[in-house]
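Encoded as structure tokens, the structure appears first; notes follow it.
Residue numbers (the working numbering): 737 to 1272.
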């Protein structure tokens, strides 16, 4: 007589109530996640014929062990999970999300010594004759060409009939005069110079102090600065007319007199993200070609899933002569669009992404952090290092397209406003540079404003990629992120940690580690918070 033994407590465990608000089905799902995936033994049935009889032999199938190092983008997700589960990783898993074999960076010969005229190459400038030219695919191809670090589109506002008056100081004050403005207090200097406080030598660090005001108050400062300049110019002309001509005298020194430092205030990072408050302004920007717009299907930053101020939203800058935006690459090397509202001009300096490491080394030697510090390059240092520098003037109505990874710095030469935002065209070059900076930020313990792994999954899920190079890059990144996730998961299971499923809600931001500021692609480590009284 056979005896059937039951497992004590099994039924009770299955029927035990879970936490309030969690269904039994969800509890089973959470439990299965923490216990790991179910294990299977594959059996093959082999038919054997013997005379008139047929029988079957059960044969266990031994799966070929797949090493994690052998995984390629041709493998399926199940293969990735299986290989990663069996992998033995010592320490932190640090494989790159990029494959060196997939690089699309242009080859630039840096060994050839360039003559001085080639160290100041002409800036690509496009003059649009009609609205149709602005929407030509040729314009997109030219702007995003990896060989073109920066492009000026002259008179774009006129071609598209953009009403730039919507961004004038007068209109901004009327729309929201109490809106917050970040102010940078700076020393006014010539655009190609950066002197220390003693006025004896040029330096790389470009310091400024930070404060806050309102649009209305900065507008008053901007207007009074203009009036003071007119008055000074008039007085200077009067003095010159009274002085007799003289052929003798000491020529003026190029170095500024430290006693005559002119202090200016730069109104920066003015947030125009509020769709209701700034509706007319934001609607006007919809006249731009799709690849330049703040939001579009072909813009990676439109697939982040949440707002990143100044990147996938518009920011405004209010300037007086001498206002400086120090040297930098855009966050995660994304492209940028900048329109000069006027009435004054801005002077730009730009260097191809290829030379960023050399410039970073200069920053290190001058004691300023390349990624987080404020610096203004000494042009002679760049020329001596064989680095070409693009230099040009942006006039009212001109749009500047800053290509992926371009190093640039800007100074206002007149009284003007500018608007700017970032875009992420779906090109292999943009994607490669964004991921490279994502990984470099992790090395330098700097937060990546754009959670690139999260963006990669969103793009793969919602966009049909036609560029074969970009397709392979994204697929490789997804492969690597699955490996990262599975290796981390296995280590948590071995350590006896509980893994609980948490769904995403609309507009939920990506999560970052409190210690290293790295965004988490899938697994979050958190502490439990007990709502009830503490245990005795």
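We treat Cβ as the ideally placed atom computed from N, Cα and C, and that holds for glycine.
- DSSP places residue 1054 within a strand segment (E or B) once states are collapsed to three.
- Judged by DSSP secondary structure, residue 867 falls within the alpha helix (DSSP H) whose first and last residues are 867-870.
- Rounded to the nearest angstrom, the gap between the Cα atoms of residue 1065 and residue 1087 is 10 Å.
- Around the beta carbon of residue 867, fewer than 16 other beta carbons lie within 10 angstroms, which makes this residue exposed.
- Between the C-alpha atoms of residue 1130 and residue 1139 there is a straight-line separation of about 16 Å.
- Bridge partners of residue 1079 according to DSSP: 1152.
- When secondary structure is reduced to three states using DSSP, residue 1166 falls in the helix class.
- The beta-carbon separation of residue 855 and residue 889, rounded to 25 Å, does not stay under the 8 Å limit for a contact.
- Secondary structure at residue 1127: strand, using DSSP grouped into helix, strand and coil.
- DSSP lists 919, 1054 as the beta-bridge partner residues of residue 1003.
- Distance check between residue 1207 and each of 802, 1228, 801, 809 places 809 closest, using alpha-carbon atoms only.
- Only buried fits residue 955, as 16 or more other CB atoms lie within 10 angstroms of its CB.
- Here DSSP, grouped into helix, strand and coil, assigns residue 859 to coil.
- Using a 10 angstroms sphere on the CB of residue 1174, the tally of other CB atoms reaches 16 or more, which defines it as buried.
- Taking the Cα positions, residue 803 is about 18 Å away from residue 1214.
- Straight across, the Cα-Cα distance linking residue 1053 with residue 1081 is about 13 Å.
- In the structure shown, residue 790 falls within a strand segment according to DSSP collapsed to helix, strand and coil.
- The beta-carbon separation of residue 1111 and residue 941, rounded to 6 Å, stays under the 8 Å limit for a contact.
- Contact check between the segment 1062-1076 and the segment 1154-1173: three or more CB pairs, one atom from each, fall below 8 Å, which counts as touching.
- In the three-state reduction of the DSSP assignment, residue 1035 falls in the strand class, which pools E and B.
- In the same chain as residue 923, and ignoring 5 residues on each side of it, the C-beta atoms closer than 6 Å to its own belong to 997, in chain order.
- Between residue 1050 and residue 819, the alpha-carbon positions lie close to 45 Å from each other.
- Per DSSP, the beta-bridge partners of residue 1071 are 1159.
- Excluding residues up to 5 positions away in sequence, 1184 lie with their Cβ nearer than 6 Å to the Cβ of residue 1177 in the same chain.
- Around residue 884, the same chain offers 860, 878, 1139 as residues with beta carbons nearer than 7 Å, after the five sequence neighbours per side are excluded.
- Residue 1132 is classed as buried because its beta carbon has at least 16 other beta carbons within 10 Å across all chains shown.
- Note on residue 1225: 16 or more other CB atoms within 10 angstroms of its CB, so buried under the neighbour-count rule.
- Straight across, the Cα-Cα distance linking residue 937 with residue 1114 is about 11 Å.
- If you draw a 10 Å sphere on the C-beta of residue 845, you find fewer than 16 other C-beta atoms in it, and that means exposed.
- Under the three-state reduction of DSSP output, residue 1193 falls in the helix class.
- For residue 1220, the uninterrupted alpha helix (DSSP H) segment begins and ends at 1204-1230.
- In this structure, the beta-carbon distance from residue 1127 to residue 1098 does not fall below 8 Å.
- Taking a contact as a CB-CB distance under 8 Å, the pair residue 1149 and residue 1057 counts as one, their CB atoms being some 6 Å apart.
- Rounded to the nearest whole angstrom, the CA to CA distance from residue 1238 to residue 1043 is 21 Å.
- Between residue 1061 and residue 1136, the gap from beta carbon to beta carbon reaches 8 Å or more.
- Look at residue 810 here: in three-state DSSP terms it is coil, with no helix or strand label.
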